[in-house]
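Shown next, in structure tokens, is the structure this report addresses.
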Amino acid sequence: MPSGRTHDRINLVSTAIAGYLAYRWGFGWDEILAFSLGSIVATFWFSPDLDLRTSKPVKRWGKISFIWWPYAAIVPHRGISHIPIIGILTRFSYFFGMVFLIWLVVRNFLPISINVSAIFNNPYFLPFILGVLFADTLHILADFVYSSIKSRSFP
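Just so we're aligned: the sequence shown equals residues 112 to 266 in this note's numbering.
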């Protein structure tokens, strides 16, 4: 499969091209920015390779990278995490589940209120999610193409 750096480059170049095309097709800069931000977040922090404990995406979480260790232990590499749409939904569900567990512990010390409907009603929510799906699909396609080419090559 392609290296982490190759995945990053594919996604960044493709996001730039998609942004340019979206601009040419008449999308606003704000929508393009939301899409691009979603793609960047998915590329660097919510990659399908979070199922590998020592992957670049896990390391990018820095001091809190440990929150992905159980995920990497439970989810086999190239399993559910590498299925378009289902994979990113699984990673987001896992992440927000961890956030919820942390919130349950600290809520008595730090009263935090979250207006979930404001997130879903935000006009930039859909372009952001489309950017996330775009990056996730690019990663999975790159793995598929690389594996297909590698399996057809001769030693």
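Ideal placement from N, C-alpha and C gives every residue a C-beta, glycine not left out.
Query raised in the report: Between the stretch 123-133 and the stretch 202-221, are three or more C-beta pairs nearer than 8 Å?
Result: no
**Report entry** L111 (DSSP reduced to helix, strand or coil)
**Finding:** Since the first residue of the chain shown is 112 and the last is 266, residue 111 is not available in this structure.
Report task. Spatial neighbours of S176 within its chain, please: CB distance less than 7 Å, with the 5 preceding and 5 following residues excluded, ordered by chain position. Result -> V169 and K170
Query raised in the report: Near Y235, what residues of its chain come up, given a Cβ to Cβ distance below 6 Å and the 5 sequence neighbours on each side ignored?
Result: A145
Requested in this report: Rounded to whole angstroms, what's the CA-CA distance from F206 to F138? Just pull it up for me.
Outcome: Roughly 31 Å separates the two Cα atoms.
Query raised in the report: Hey, out of S228, D254, P195 and S204, whose CA is closest to L241's CA?
Result: P195
Requested in this report: Grab me the residues of H188's own chain with a C-beta within less than 7 Å of its C-beta, minus the 5 sequence neighbours each way, in chain order.
Outcome: For H188, same chain residues with a beta-carbon under 7 Å away, outside a window of 5 residues either side, are D162 and L163 in chain order.
Query - Nearest to A153 (by Cα), restricted to the options V256, I260 and I251 - result: I251
Query raised in the report: Shortest alpha-carbon distance to N233 belongs to which of E142, I191 and A129?
Result: E142
Requested in this report: Specify the secondary structure class of S114 as computed by DSSP and reduced to three states.
Outcome: S114 carries a coil assignment under DSSP once its states are collapsed to helix, strand and coil.
Query raised in the report: What's the gap between the Cα of S262 and the Cα of D254?
Result: 12 Å
Requested in this report: Work out the CA separation of F157 and V278 for me, nearest whole Å.
Outcome: There is no way to answer for residue 278, as the model of the chain reaches only from 112 to 266.
Query raised in the report: R202 lies in the alpha helix (DSSP H); which residues open and close that run?
Result: I197 to V217
**Report entry** S262 (DSSP reduced to helix, strand or coil)
**Finding:** In the structure shown, S262 falls within a helical segment according to DSSP collapsed to helix, strand and coil.
Report task. Tell me whether V227 sits in a helix, a strand or coil according to DSSP, three-state version. Result -> helix
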